[in-house]
Amino acid sequence: MAGGAPRIFVSHLSGTAVFDPNGDQVGRVRDLVAILRVGRKPPRLLGLVVEVATRRRIFLPMTRVTGIESGQVITTGVLNVRRFEQRPTERLVLGEMLDRRVRLVETGEEVTVLDVSVRQLPARRDWEVDRVFVRRGKGGAFRRKGETLTVEWSAVEGFFLEEHGQGAESLLATFEQLRPADLANVLHHLSAKRRAEVAAALDDDRLADVLEELPEDDQIEILGKLQEERAADVLEAMDPDDAADLLAELPEEDKERLLTLMQPDDAADVRRLMAYEERTAGGLMTTEPIVLRPDATVADALARVRQQDLSPALAAQVYVCRPPDETPTGQYLGAVHFQRLLRDPPYTLVGSILDDDLRPLTPEDPLPVVAGFFATYDMVAAPVVDEGGSLLGAVTVDDVLDHMLPDDWRETEFHLPEGAGHGA
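UniProt numbering applies: residue 1 is where the sequence shown begins, and numbers increase by one.
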């Protein structure tokens, strides 16, 4: 759904059919899951509760929704069939927000919530609850008397978190704007009990990002306190190389149990990475670089580079290969750097502007060789290619630094110069 598309009232989504990209129905929408935020910020919509054919209710993240239109929801086709379990910071929109008594901020008058609307934020995949449809006067949603009106989310109160609460829920809202690395630093210094509470309340993607920034001891502790199915979900959301590093620290039986619970494709990527020594290019690489075929255009490449979830290092270049174009790919042909993409016309084929002069890394190259490659050629990412010429993945400079810095580098306080970070 495009950023400029109209808002959708959630009552219209109840019972809506959910389809995969092939047009096959996979279930129906039974509720929406949102997370409240401190102050008057609109809640963020996390996903949908979908009832599948077996009457099991599962969670469908909004990141896997590609369209909501004409009374149907279209998904990427990748569904996690584990049963939906509501977390402490989550609210069911249909089940908990509708028919609720709240107050208008301007007058203090009590009103009844009949409906709320959601919208996708411009140029982002995030969704939020933005407006509230209310009825004045006493009585529930099915009473017919009283004036109705639609107001901004910020115009009502009664949904919000307490600003100074002591629970993990309020703590999470306070940390909402922190970068994953900064939130990881906060978690590291919390008590074990509070750290587990906050980790349990974070959504899978956020917790995955934070785990990637934590020391191994903290990662193992947090993962061990999650239910196994939840732990598998979080591992799926992590970068495959980080998930492989974390699993490698676990006892063999725990590792195999979690890999079995993961989605087969995700588990296969992680198993492949675990076959390499940790301090080699194969052990450092991610299996999810941007891969394009030689007949893709510069416009295609830039569209992939713009994806919000990509790290700056992975977005710095695209890798051109013959099919198949998922790692391990067909023949690796070369890379195209982001600056080159900016210089050439959108219709230019990436196969015609390859940088194929540099020897790619092999999966057996040790860490010093990888570091030397980055330093010599001023690179922030590098391809890893097997002896048959297939692209296996890419190593990024942040992974190299993680393995070269002292084990306790996260304990170091980094201070920006005075005034840094503020616009002139």
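Think of the CB as a built atom: it goes at the ideal place given N, C-alpha and C, for glycine as much as any other residue.
Checklist line | Where I74 sits in the DSSP three-state scheme | finding: strand
Check: Considering only residues of the same chain and omitting the five flanking positions on each side of P323, which have a CB-CB separation below 7 Å?
Finding: R293 and G330
Next item on the list: Within 10 angstroms of the Cβ of E277, are there 16 or more other Cβ atoms? Answer buried if so, exposed if not.
Entry: exposed
Next item on the list: Quick one: grab the DSSP three-state call for I58.
Entry: strand
Checklist line | Inter-residue spacing [alpha-carbon to alpha-carbon] between H300 and G334 | finding: First, the residue type needs correcting, since residue 300 is Asp and not His in the sequence shown. Rounded to the nearest angstrom, the two C-alpha atoms are 16 Å apart.
Checklist line | Segments assigned alpha helix (DSSP H), at least 4 residues, entirely inside the stretch 193-221 | finding: 204-211
Item checked: Contact belief for L392 with P363 at Cβ below 8 Å, rounded distance in angstroms -> 6 Å
Next item on the list: Label S47 either buried or exposed according to how many other C-beta atoms from any shown protein chain fall within 10 Å of its C-beta, with 16 as the threshold for buried.
Entry: The question names Ser, yet the displayed sequence has Gly at residue 47. Buried is the call here.
Next item on the list: Classify R306 as buried or exposed, calling it buried when 16 or more other Cβ atoms lie within 10 Å of its own Cβ.
Entry: exposed
Check: Do you know whose CA, among T66, M97 and V129, lies nearest K43's CA?
Finding: Before going further, note that residue 43 is Pro rather than Lys in the sequence given. Looking at the Cα atoms, V129 is the closest of the given residues.
Check: Roughly how many angstroms lie between the CA atoms of S154 and R136, to the nearest whole one?
Finding: 17 Å
Note to self: Counting C-beta neighbours from all protein chains within 10 Å, is the total for G165 16 or more, i.e. buried, or is it exposed?
What the structure shows: Interpretation of G165 is limited by its pLDDT of 44, a score under 50 that renders its predicted location unreliable; the figure taken from the coordinates is listed afterwards. When all chains shown are included, G165 counts as exposed.
Notebook entry, point to check: What whole-angstrom Cβ distance do L211 and V234 have, given they're in contact under 8 Å?
Noted result: 7 Å
Notebook entry, point to check: Given that a residue counts as buried once 16 or more other Cβ atoms are within 10 Å of its Cβ, and exposed if not, what is Q339?
Noted result: exposed
Notebook entry, point to check: How is the alpha helix (DSSP H) around P180 delimited, first residue to last?
Noted result: P180 to H188
Checklist line | C-beta contact flag for L361 and P328 at 8 Å | finding: no
Margin query: Using 8 Å as the threshold, is the C-beta distance between V93 and V113 below it?
Written below: no
Note to self: Only counting the same chain, and skipping five residues up and downstream in sequence, which positions put a Cβ closer than 6 Å to that of G27?
What the structure shows: V18, V50, E51 and V52
Next item on the list: Could you tell me whether the stretch 251-259 touches the stretch 224-243, where touching means 3 or more Cβ pairs closer than 8 Å?
Entry: yes
Notebook entry, point to check: Is DSSP giving P368 helix, strand or coil here?
Noted result: helix
Notebook entry, point to check: For the stretch 206-223 against the stretch 235-243, are there 3 or more C-beta pairs whose distance is under 8 Å?
Noted result: yes
Item checked: Simplified DSSP assignment, three categories, for T66 -> strand
Item checked: alpha helix (DSSP H) segment containing H337, residue limits -> Where H337 is concerned, there is no enclosing alpha helix (DSSP H), although the beta strand (DSSP E) it sits in stretches over Y332 to H337.
Notebook entry, point to check: What beta strand (DSSP E) runs, 3 residues minimum, are completely inside the stretch 278-349?
Noted result: 317-321 and 332-337
Check: Nearest-angstrom Cα distance between Q227 and A192?
Finding: 17 Å
Notebook entry, point to check: Smallest Cα separation from T63: which of G71, A243 and T76?
Noted result: T76
Check: From M404 to D245, what does the alpha carbon distance come to, in whole angstroms?
Finding: 15 Å
Next item on the list: Alpha carbon to alpha carbon, how far is M274 from E152? Give it in angstroms, no decimals.
Entry: 50 Å
Check: Which one or two residues does DSSP pair with L381 in a beta bridge?
Finding: As written in the sequence, residue 381 is Ala, which differs from the Leu given in the question. DSSP lists T396 as partners of A381.
Check: CB V10 to CB V116, shorter than 8 Å?
Finding: yes
Next item on the list: Return the first residue and the last residue of the alpha helix (DSSP H) that T260 is part of.
Entry: E252 to L261
Notebook entry, point to check: Beta carbon of Y319, beta carbon of A394: below 8 Å?
Noted result: yes
Next item on the list: Go ahead and pull the three-state DSSP assignment for F373.
Entry: helix
Notebook entry, point to check: Where I58 and V78 are concerned, what is the direct C-alpha to C-alpha distance, given to the nearest angstrom?
Noted result: 12 Å
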